[in-house]
Amino acid sequence: MTPNTLLNDAEIADRVDAERKRLMQEAGLAEPPRHFRRPAERAFTARERPTTTLLFGGLTVKHEALVKAALEGQGYLCASLATPDVKAFQLGKEYGNNGQCNPTYFTVGNLVKHLQEMREGGTPKETILNDYVFLTAGACGPCRFGMYEAEYRLALRNSGFDGFRVILFQQKGGLSQSDVEAGLRMDLDFFLGIVGAIAIGDLLNEVGYQIRPYETVEGSTDRALAECMKIVEAAVKERRYWSLEKSGFRFLKGWPAAARRAQTIGKFSAQIFGHPYRDALEQSRRILAAVEVDRTRLRPIVKITGEFWAQTTEGDGNFKMFRFLEGEGAEVLVEPVATWLLYMLWQSRQGQKDRFGLKGNRNPFRHLYRLGRLSLAGWMFTREYGRWLKALGGTAHAPVSQLHLQRLGHPHYNSRAQGGEGHLEVAKNIYYSNAKLCHMVLSLKPFGCMPSTQSDGAQAAVVSRYSDMVYLPVETSGEGEINAHSRVQMALGEARRKAKEELARAVEESGRSLDEIRAFVAGRPELRSGLTPLPHHRRYAGTAANFVAHVASLMKGARA
Amino acid sequence: MIRFRIGLDVGSTTVKAVVVDAATDQVVWKDYQRHDSKQAKKVAEFLLLIEEAMGGAGADEARMFVTGSGGAALVPLLGAKFVQEVNAVSLAVEKLFPQAGSVIELGGQDAKIIIFKEDPATGRKKKIPSMNDKCAGGTGSVIDKINAKLNIPASELCAMGYRGIKLHPVAGKCGVFAETDINGLQKQGVPPDELMASLFEAIIQQNLSVLTRGNTLRPHVLLLGGPNTYIKGMVEAWKVNIPKVWEERKVALPEGVDPEELILVPGDAQYFAALGAVEFGREEPENVGVYRGSEPLRAHLEGGTSGRQRPKSSRRPLARSVQERDAFIERFTPERFEPARFEAGSVVRAFLGVDGGSTSTKAVLLSGEGEVLVKTYGLSKGNPIEDTKSRLQELREAVDAQGATLEILGAGTTGYAKDILRDVLKADAAIVETVAHTESALHFYKDADVVCDVGGQDIKIIVLKNGKVKDFKLNTQCSAGNGYFLQSTAANFGVDVRDYAATAFGAEEFPEFGYGCAVFMQSDIVDFQRQGWAPAEIMAGLAAVLPKNIWIYVSQIPNLAKLGRNFVLQGGTQHNLAAVKAQVDFIHTRFNDDTGVKPNVFVHKHCGESGAIGAALEAARLHARGHRTEFIGLDSVARISYTSARNESTRCYFCKNKCLRTFIDVSLKEGGGGAPPADTQAPVVPGDKLPEETRRLILATCEKGTVEDVNAMRKIKAGLDDAKKTSPDLSALAAKRAWGDFKPAVVADPAPARPLFRAARERAEKIRAREVLRIGIPRVLNAYSTTPFFTAYLSSLGIPHKNLVFSDFTSETLYKEGAKRGSIDPCFPSKVGIPHVHNLLYRHHAKSPLQAIVFPMVDALPSPLVGIQASRACPTVTATPEAVKAAFTKEGDVFAERGIAYLCPFVDFSNRDLLVRQMMQGFVELLGLGEAENARACEEGWKALDAFMDGMRAEGREVLRQLEKEARIGIVVLGRPYHNDPGINHEILEELQKHGYPILTQDHLPIEAETLEPLFGEEVAVGLIESGLDIRDVWKNAYSENTNRKVWAAKFVARHPNLVGLELSNFKCGHDAPIYSVVEEIVEKSGTPFFAFKDIDENKPVGSIRIRVETITYFLKRYRDDVVVRRNKELRVEEQLRAFEEALRADPRRAAVVA
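Put into structure tokens, the structure is as follows:
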């Protein structure tokens, strides 16, 4: 400052500012405030695709093997995580926030466990951070599932894998998922591959659970399934998708919009008019049909429902419930992931219908177009599922109509309240009990699952309204297996009693003795095949009762 | 040839067995014995007796059916068949007592209820069975645990009653909470019979409200299991409470029979499961369950195979080698304390510190130089005054024994009983435990960065920076896995707590416990024993899990290096070197420091007495500042006698709550010594003149209750009212205003004058009926933020606001009355939904009939925030009305029976157009709505909602202005709207407000530009965020509105110098859990204090709340000092700048230029 200079207002302001800084510094007030920022997310780019391994998990072993095959077939490197166990749960608890639901702890901990094992196995941390990403589904609520991503990041940071990439694809995002477009090609092939893998996984799982309780040679079902998996995995991996480039419509490449549309139509047409995986499934059918079974065995059927993950996993996450039930002499009717996919589509369709006529939704043509797209997707999936089901012998169940489920569940639990486990759980309980498809419904609810807990509240009224219903909700957690099993045994006692009475009734109504039935079956190998379709008698739920009725009618025919 | 059927029931605490002659079906032998956690051994003993009873029948002449939680593991060795307990009990009941309508069986760790419901169509009985899950709350183990604590002999316990005995609130949900409550009541002088009766009440209420899953117990009710069979009070408690439920639910009972006679303990109640197992066997094929004889089990036991069947463990021993163990013990064993030597005849001038803890009482004498002269430690015998007298006597004797005389220069108290001890002793200070422990740690370890205190019930982590407290973490209401738990487990194994470490170090491997819940760990112990783990291994496992409880469960700090380098471990539990070893190892593994620096861990040399030392240091500090003590003197201490009472005569009538108080009359009169036992029934007449040298201490739930005189109370109240004015609790105000009348314009269609068609006539009727329609609205959940919309909507359609009837605020009474209908166990705010509707039905409707109850399902909320994905409500909250509906419609439709319509319109506040449609759908049936009037009414609803929100923000703005002006601190509640409910927030906010801190909620924070600009302006300017209402910089998965608002409010608090954050969150809150770390990091990163009360449930943990509130206020006092210093500095800078600018402008040439 030159003392003799005359200062204007702006200069004075500058001087004051400079002086302020100096004084603040002097007073120890100059330190800028520090604020928390969400850590920056590192992208997964297209360039990294050839050297990056996609990790994923959260379904059953069969589903994951098939998804892996589908992704590898599309040129990705990938690996599925092991089924989450108690160790994974404990790691999830240690490195995550307190008070999370079980699926969070199990799945988050499972990723940490996998990475820790990689590190202990000698893979450098840098390699883990650079050459691997974790792929998981995302959601915009309503339950905390939509926040899992943050929980993954927190646990990774706390366990020393800060910066490890977690990438999301939105459950309802369909084909427009720009967030992950870079590394993952979220195109139609991707979805057709994944959805096909999931559907076939569902079917193989269900058929396995149908046959195993009745196998006459222990382990024969699992051996047959292992063989089938090899065949189907190869088929899924080697599937070649229709593409414009390899078709007679190559000339459209010069018109991008038309090419895009042609690409979509071509792929859909190839899916609808072709029959991908048919050969592999038919081959599998022959293998499974060779498993010898004795369907006169008394086996109460336990339908599994509950929270998505707890009802799907086959490990400690639900106390290995399916194997436990089989060990206790039950037949398990597992829940297909397909129901979830159809539910997602249905919810979008319902949301569209509820909003028609409101601002932004007044154009009837657009409304019909949107509804049509969603309906088409649902129709296509159901059709493909049905075709694969048939190719695999036709003994598995087709997904239940979402409309039917909505009508059953809505009076007890508003179907507009999302979360999946709400009205669906209620509806499935009513549906499977009333349609005589099971003797007992077991709902697997993770500790802390919000919609599932509330739907259990609504079930209180449902159960009292249907006198013959055996419904048991079991809270799953990483601990307390003995207690949970005991509670299942408690309800299973009642289910077994129902199955026993039903079988006795079926035998009586057949006019034959069980020994006569067995003698008839002994001479007919087709009745001892694991994949012989069994007509469902409206009065019987159990396999044995239905089998007795079926055989009795065959015996009648044979005599005639 | 099968001659006998054996039923064996291996429970968690006892073994029961029956032998039935297969030919005659008669019981030929039975027995019932405790197994003291040695199931297999006891079963082996039983087998010999059984074989003897069968008169030498061969093994293949008997069949065995085993039931009970411990039975399954033994089945292969016995050749038996396993039968699930509930199925076994059901079969026995069906055979022995076919008229039973329900069964309640309480076991050691299990509780079961079976209700038999007849299907009117088929006449078949359907079973509705229910079992507790892993949690053993509400079972016999809770009684066992508390009984052990109270030291009541088994015979006395069995004779203890319930009827006519005064009951006190005790949490029944959880054994740990129950224990905490019983502890507190015991210290208030409540006698054992009242404690046990209160516990019986808690247990039966827990079972009625949770285990029945909302079903009604049908007569006859059979009471089975040990506690029901043997404890008189339990039976009485059922007999008193079940008929009340029958009466309320109008259950048809046989005429002329006393309802209590329909609740009974049948003969052989303890054998029902074993008998049922035999019944089960009757239906099984002959080749099932053929008894293998006792030999295989005996061989199994003799072969020492107790550990061979268990699962493999990957856990190493606590110490990998003897050398490692010995080196550790040598390093960490605290140096032996040698009491000071005094010269005979000398006067020892010392400061006294007393720590009246939950499980023990400690006292020390400290020299003027801060040296510990004498110390003493003793387990609590239940009464802190008695305990303290004993401790002080010991201190005095230690000095007297050397011929010296003790002079107390000052006295300080701390711990659970600090206030009562301060008052009795006239001590100079009563300081909260956290402060006491910190002072003590710093006294001996000047460079301490972290103090970790593990006491009997509490875990405290105190983080220091430059010798000042920077942060603290305390366990919440749950005292999981604490010192007392280790101690009681050792005792159960018959191991002296002093031998704990030696025993645990002997284990070569150990089972891995899940950390967190002590009740679950208790169940784990039983499971591990079943799996074959030995006591030493289980004790090692428990020691190993302790650090996880401390550092993961309580403090959630994954990287300990962030806290500093020097860790001081203290508290009585650190005497256990096995626990110390586990902690030291854990700290090392969690010390992720890239610089390679390793932690230094110290065990406080006086770890058991550190609290008492802290209290003495405080007394010394006051003395140094010139304070002179009024301590009553050791002679007077020896003379202390007292009577205490807590009964109707001590009830406080100063407000409508009418709380019970404890009066303690303390006498120091000569000859009054000898400490007569506390006579709790002593006639205490409030207001009576007290005898000479007698003082009355009053323990009350609030300040007003601490006096007897109404004028004194008024004075206290005036003080409280003043505090409310200067430091308002805006949360409480919002809780009141949400239900107010926003006086909307009436926009209803007129009723059609001459309706032609039926539909029009019906509509006209409904429109006219609106004027007299009375609608009940539960005061719960998001109603705290959305009700103005609904009330204005309804009022604008012609329903007078006075006809909108709200349920009462949540209270313990309201909760207890209605909770029994619930069938699920979600978060507390959701769980109170049923009690609130119950309150409307059974209280308000009973007074004046309601025609409808409206409980909206709010799917999405309005949001002021930008850039969020959605503004959904929590799914638990949204769906609560459905669970509530089920609770009142599962056994007959309670609404229909009363002519009440139960409406739960599904509404989306994030889409105004959709909301209009949804309101129409929701209310058209009740109100006969027209489309246009519905839309107009929605507009009125929005106006009211806006006015409500604007009003809150205006209040918030005013409070902020005051805080800034006065450089004071305000507390922002980072919670959810329903945390405004005093019954949900457990009055924590009121407690803090009383200390002079205004309370704001996140909805009170202003959102207009002039407030946001100074806080967020720079970040907006550099493009980090779009506006001050953008949270994308901190939180990505932003679809849950109340979560989003919490995150935003945390950002606001982090940037405002006069605010601190207080997070409230409920147990099982699914939308809070994922943001725990985010919220904490947002606030703390900026250096702003952050406090949290998590896991809030129906249990009100008074003791834990008190410690936290006192610690928070201690903390805030110091923070405010910092704020004042900073503010003064800022003012000085502003002043200097003004002078600087004036000087620049004062240049005379400038004046000339301007002119």
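So the protein sequences, as listed, match chains A and B.
Okay, so the first sequence: first residue is 839 according to the working numbering, each after it adds one.
Okay, so the second sequence: first residue is 88 according to the working numbering, each after it adds one.
Where is the CB? At the ideal position from N, CA and C, for every residue including glycine.
Rank the options by C-alpha distance to the C-alpha of residue i and give the top, closest one.
i: residue 1128 of chain A; options: A/1391, A/1365, A/864; result: A/1365
i: residue 916 of chain B; options: B/967, B/506, B/1212, B/417; result: B/967
i: residue 92 of chain B; options: B/255, B/105, B/101; result: B/105
i: residue 545 of chain B; options: B/926, B/737, B/446; result: B/446
i: residue 601 of chain B; options: A/932, A/1392, A/905; result: A/932
i: residue 829 of chain B; options: B/935, B/977, B/1026, B/793; result: B/1026
i: residue 337 of chain B; options: B/929, B/379, B/740; result: B/929
i: residue 83 of chain B; options: B/612, B/912, B/700, B/643; result: Given that chain B is displayed from residue 88 to residue 1242, the structure contains no residue 83 of chain B and the question cannot be resolved.
i: residue 831 of chain B; options: B/697, B/1035, B/922, B/184; result: B/1035
i: residue 466 of chain B; options: B/291, B/372, B/660, B/377; result: B/660
Using beta carbons (cut-off 8 Å, strictly below), is residue i in contact with chain B?
i: residue 824 of chain A; result: A question about residue 824 of chain A goes unanswered here, because the residues of chain A that appear run from 839 up to 1398.
i: residue 850 of chain A; result: yes
i: residue 1154 of chain A; result: no
i: residue 969 of chain A; result: no
i: residue 1197 of chain A; result: yes
i: residue 1215 of chain A; result: no
i: residue 1386 of chain A; result: no
i: residue 1250 of chain A; result: yes
i: residue 874 of chain A; result: yes
What do you reckon, are the CB atoms on residue i and residue j nearer than 8 Å?
i: residue 1420 of chain A; j: residue 1341 of chain A; result: Chain A is shown only over 839 to 1398; residue 1420 of chain A falls outside these bounds and no answer can be derived.
i: residue 1369 of chain A; j: residue 1137 of chain A; result: no
i: residue 990 of chain A; j: residue 972 of chain A; result: yes
i: residue 285 of chain B; j: residue 310 of chain B; result: no
i: residue 946 of chain A; j: residue 993 of chain A; result: yes
i: residue 440 of chain B; j: residue 703 of chain B; result: yes
For chain A, is any of its Cβ atoms less than 8 Å away from the one on residue i?
i: residue 963 of chain B; result: yes
i: residue 336 of chain B; result: no
i: residue 650 of chain B; result: no
i: residue 1084 of chain B; result: no
i: residue 1158 of chain B; result: yes
**OP:** Taking a Cβ distance cut-off of 8 Å, strictly less, list which residues of the region 1214 to 1228 of chain B are near chain A, in chain order.
**Re:** 1216, 1217, 1219, 1220, 1223, 1224, 1227, 1228
**OP:** Within the region 844 to 886 of chain B, note down every full beta strand (DSSP E) run reaching 3 residues or more, in order along the chain.
**Re:** 862 to 864
Subject >> Whole alpha helix (DSSP H) elements within the region 346 to 415 of chain B, 4-residue minimum >> reply: 359 to 370, 382 to 389
**OP:** Quick one: which unbroken alpha helix (DSSP H) runs of 4-plus residues sit fully inside the region 1145 to 1196 of chain B? Chain order, please.
**Re:** 1163 to 1172
Subject >> Chain-ordered residues of the region 1269 to 1300 of chain A with a beta carbon less than 9 Å from chain B >> reply: 1285, 1286, 1287, 1288, 1289, 1291, 1292, 1293, 1294, 1295, 1296, 1297, 1298, 1299, 1300
**OP:** Would you list, in chain order, the members of the region 1096 to 1124 of chain B that have their beta-carbon closer than 7 Å to a beta-carbon of chain A?
**Re:** 1120, 1121, 1122, 1123, 1124
**OP:** Entirely within the region 947 to 1010 of chain A and at least 4 residues each: give me those alpha helix (DSSP H) ranges in chain order.
**Re:** 963 to 969, 986 to 996
Original post:
Taking only runs of the alpha helix (DSSP H) that begin and end inside the region 498 to 558 of chain B, which ones reach a length of at least 4 residues, in chain order?
Top reply: 505 to 512, 520 to 531
Original post:
Which parts of the region 707 to 758 of chain B are runs of the beta strand (DSSP E), unbroken and 3 residues or longer, counting only runs that do not cross its ends?
Top reply: 728 to 732, 749 to 754
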